[in-house]
Structures are given as structure tokens and as C-alpha cells.
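Novice:
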Amino acid sequence: MSATARSCSHVIAAWAMGEGPIYFPPEAGLPLGGEDGKNYIKVEIHYNNPGLISGVVDNSGFELVVTTELR
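Using the working numbering, read the sequence shown as starting at 15 and increasing by one per residue.
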């Protein structure tokens with residue numbers, strides 16, 4: 015595993031089937047870039063289709079907002 019991949023080990027949020035949406039408060043934020051922030055964000059999705067049903071579509075999603083204004 016590369017050093018870049020190893021640096022993506024901090025979990026920000028985790029969701030499981032049957033759970034509701036995850037909302038962070040408006041003032042929440044994480045530093046990105048620069049000397050103190052991360053340069054990458056890793057999104058990892060695991061699918062479960064034990065019946066191998068074809069044509070199943072994932073309609074989930076997420077919104078990532080980036081700003082130069084400190085929150």
C-alpha cells in the first residue's frame with residue numbers, strides 16, 4: 015500500500031444500510047491542502063448483492079463543499 019493510501023485511514027463518517035442520512039452541522043469543517051490539511055479524500059463504497067441481481071442501480075450520493083473561508 016502506498017504512503018498516500020495509508021494516509022487515508024481516518025474515518026470521517028460511516029453509513030450502513032437501514033440507517034438514515036448523515037448531516038454535519040453548518041460550522042463543521044476539515045482542513046484540506048496546505049501544510050496542515052490533507053491533499054486527498056478517499057470515498058470507499060461496499061456493495062452487497064449476494065444474489066448477483068443484474069440491473070441494480072446505486073442512486074445514493076454525497077455533497078462535498080469546499081471553501082477558502084475558515085469556518
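C-beta atoms are modelled at their ideal positions from N, C-alpha and C, and glycine is treated no differently.
#1: Rounded to a whole number of angstroms, what is the C-alpha to C-alpha distance between tyrosine 54 and glutamate 77?
#2: Return the CA-CA distance between threonine 81 and glycine 43, expressed in angstroms with no decimal places.
#3: Going straight from the alpha carbon of glutamate 83 to that of proline 40, what length do you get?
#4: Roughly how many angstroms separate the alpha carbons of serine 23 and isoleucine 59, rounded to a whole number?
#5: Closer than 7 Å by C-beta to asparagine 63: which residues in its own chain qualify, once you throw out the five before and the five after it? Chain order, please.
Specialist: The short version:
#1: 16 Å
#2: 10 Å
#3: 13 Å
#4: 14 Å
#5: Val70
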